[in-house]
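74 is the number that my numbering gives to position 74 of the sequence shown; each next residue is one higher, with no gaps.
Since the structure comes first, as structure tokens, the remarks are kept for the end.
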Amino acid sequence: MQYEIYMKKCIELAKQAEGETSPNPLVGCVILDSNGQEIANGYHARYGENHAERDALLKINKGEGNTLIVNLEPCSHFGKTPPCADFIIEKGIKRVVIGMQDPNPIVSGQGIEKLKSAGIEVITGILENECKKLNEIFIKNMLEKKPFIAIKTATTLDGKIAASNGSSKWITSEKARDEVKRIRKRYDAIMTSSSTIIADNPTMLHRKKIILDRELKTNLESQIYKNGEIYLFNATLDMFEGGINFIKAPVIDNKLDLRFVFKKSYELGIKSILIESGGRLNGSALEFVDKIYHFIAPKITGDNTALSCFDFQKITQISQCINYEFESTKQFGPDILLTYQRK
Ligand code: AOF
Ligand code: ZN
């Protein structure tokens, strides 16, 4: 049986809700009849709505479904809806094929146990790596109670994000920039620094924005403040005013304490953050970063005074480099996107 094909389909179905399910996972589900024909599918469309299994099971009658395929272990708890495992049993499903165990401590294996005790055959670990990648944010949240942090940068072949005068419009093509918009959607918030706002006055359309501005140097009339919920971390003010959440953070070595910023963001319900800034913030954030999206345009500045995408340390040995692991590559017009994860 080609469960991998259907698991791929579950992942594709789940991805339709990218950006809509946080803090919950992305989940898709396919149901086959006893001849192995697909008879229904479904996905978790939005936080608080039906889980993927329920969405699919509601489309069949009892006894019609034989095998249910889902990228995440069915839940066993009473949450916003009754347990999916109970509904699977109720609908007379004979076999359940699962991509990965649920890292959520209130489920974590108990969904599988419930199904097995009802005499259902359970097959696990189908396309497990792909399923884990799909829900990398959810997994980090569940296991570490910390936000998933990513950096997006766009550079020339020589790793420059702007000319020496700060001008950066545009290094990458429109196709690459459209992809950035899609990437942003996956994250609860985007984060940038006062220097980027002052240099570029970017709009960065997004529902939540985290701004690091220790000395409150940015003009509150800047484009970035014109939409979305704003979390403005700084060294002095703690208040809500003019639609802005000013949050006071400790300062270490003349910089806002990022550990505090990320912890506080998580407490405020921000489960994933995409950093779009310059070399210094990128550098200070690296120790917390789970993933890097690096767009590269086929251009060379040849200017060592041009600004670099990671600019935060002096090293004398290559062995002092910070190492990442290659994840994927994709082309967007003339540019490429390289994705890396923490080693
Ligand atoms: C989802 N969608 O398709 C599946 C989930 O807050 P609740 O009551 O909706 O429960 C969320 C938990 O249910 C979630 O953390 C995960 O452990 C489990 N499975 N959640 O939102 C789904 N299958
Ligand atoms: Zn469920």
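Cβ atoms here follow ideal geometry from the backbone N, Cα and C, with glycine treated the same way.
Could you spell out where the alpha helix (DSSP H) holding residue i opens and where it closes?
| i | result |
| --- | --- |
| Tyr6 | 3-15 |
| Thr153 | Segment 148-155 is the beta strand (DSSP E) holding Thr153; no alpha helix (DSSP H) there. |
| Gln110 | 110-117 |
| Ile345 | Given that the chain is displayed from residue 1 to residue 343, the structure contains no residue 345 and the question cannot be resolved. |
| Glu38 | Segment 38-43 is the beta strand (DSSP E) holding Glu38; no alpha helix (DSSP H) there. |
| Glu53 | 52-57 |
| Ala285 | 279-285 |
| Arg259 | 258-267 |
Measure the C-alpha to C-alpha separation of residue i and residue j and round it to an integer number of angstroms.
| i | j | result |
| --- | --- | --- |
| Ile266 | Gly125 | Note on residue identity: the sequence assigns Tyr, not Ile, to residue 266. Their backbone Cα atoms lie some 30 Å apart in a straight line. |
| Leu216 | His294 | 29 Å |
| Cys84 | Ile120 | 14 Å |
| Ile69 | Glu18 | 20 Å |
| Phe153 | His206 | One point to set straight first is that residue 153 is Thr, not Phe, in the sequence displayed. Approximately 17 Å between the Cα atoms of the pair. |
| Ala344 | Thr67 | The question about residue 344 has no answer here: the residues shown for the chain are numbered 1 through 343. |
| Tyr324 | Tyr225 | 33 Å |
| Arg214 | Ser284 | 14 Å |
| Gly92 | Leu57 | 10 Å |
| Arg184 | Ser328 | 18 Å |
| Gly159 | Phe310 | 8 Å |
| Thr301 | Thr156 | 7 Å |
| Val180 | Gly269 | 23 Å |
| Glu221 | Ile151 | 26 Å |
| Gly48 | Asn304 | 51 Å |
| Asn35 | Ile60 | 15 Å |
| Lys94 | Lys62 | 11 Å |
| Thr218 | Leu258 | 19 Å |
| His44 | Phe326 | 30 Å |
| Glu4 | Gln320 | 41 Å |
| Ala297 | Ile252 | 35 Å |
| Met239 | Gln223 | 21 Å |
| Ser308 | Asn282 | 10 Å |
| Leu338 | Asn41 | 32 Å |
| Asn50 | Val261 | 33 Å |
| Pro202 | Asp178 | 15 Å |
| Cys75 | Gln110 | 8 Å |
| Lys271 | Val30 | 28 Å |
| Leu32 | Gly65 | 6 Å |
| Asp200 | Glu287 | 26 Å |
Quick one: measure Cβ to Cβ for residue i and residue j, integer angstroms, because I've assumed they're closer than 8 Å.
| i | j | result |
| --- | --- | --- |
| Arg280 | Phe312 | 6 Å |
| Ala14 | Leu127 | About 12 Å separates the two Cβ atoms, so there is no contact after all. |
| Ile211 | Thr192 | 6 Å |
| Val97 | Ile88 | About 12 Å; that fails the 8 Å criterion. |
| Lys263 | Ile230 | That belief does not hold up - the Cβ atoms of Lys263 and Ile230 are roughly 19 Å apart, past 8 Å. |
| Thr21 | Arg46 | 7 Å |
| Leu72 | Val27 | 5 Å |
| Val289 | Ile149 | 5 Å |
| Arg291 | Tyr340 | Here residue 291 turns out to be Lys, not Arg, going by the sequence shown. Rounded, the Cβ-Cβ distance is 7 Å, consistent with contact. |
| Gly79 | Cys131 | Their Cβ separation, rounded to whole angstroms, is 20 Å, which puts Gly79 and Cys131 out of contact at 8 Å. |
Grab the span of the beta strand (DSSP E) containing residue i for me, first residue to last.
| i | result |
| --- | --- |
| Met142 | Looking at the DSSP string, Met142 is not in any beta strand (DSSP E); the run it does join, the alpha helix (DSSP H), is 136-144. |
| Asp178 | Unbroken run through Asp178 is the alpha helix (DSSP H), 174-185; no beta strand (DSSP E). |
| Ile230 | 229-234 |
| Tyr324 | 324-332 |
| Ala189 | 189-193 |
| Phe87 | Looking at the DSSP string, Phe87 is not in any beta strand (DSSP E); the run it does join, the alpha helix (DSSP H), is 84-90. |
| Glu241 | 239-241 |
| Val30 | 28-32 |
| Arg95 | 95-100 |
| Lys208 | 208-212 |
Within 8 Å of any Cβ in chain B, is that where the Cβ of residue i sits?
| i | result |
| --- | --- |
| Gly79 | Here chain B cannot be found, since the structure has a single protein chain. |
**OP:** Can you list the residues near ligand 3, meaning Cβ strictly closer than 7 Å to any non-hydrogen atom, in the order they appear in the chain?
**Re:** As far as ligands go, the structure on display features ligand 1 and ligand 2 and does not contain ligand 3.
Original post:
Are at least three pairs of beta-carbons, each pair with one atom in the region 308-322 and one in the region 170-183, less than 8 Å apart?
Top reply: no
Original post:
Is the region 234-251 touching the region 270-278, taking contact as three or more C-beta pairs under 8 Å?
Top reply: Contact between the region 234-251 and the region 270-278 is absent, because fewer than three Cβ pairs lie under 8 Å.
Original post:
Looking at C-beta atoms only, is the number of pairs between the region 106-121 and the region 7-16 that lie closer than 8 Å three or more?
Top reply: no
Original post:
Given 8 Å as the limit, is there contact between the region 217-237 and the region 90-105, that is, 3 or more CB pairs closer than that?
Top reply: No, because fewer than three Cβ pairs between the region 217-237 and the region 90-105 fall closer than 8 Å, the two stretches do not touch.
**OP:** Report yes or no: do three or more beta-carbon pairs, one from the region 158-168 and one from the region 133-142, lie closer than 8 Å?
**Re:** no
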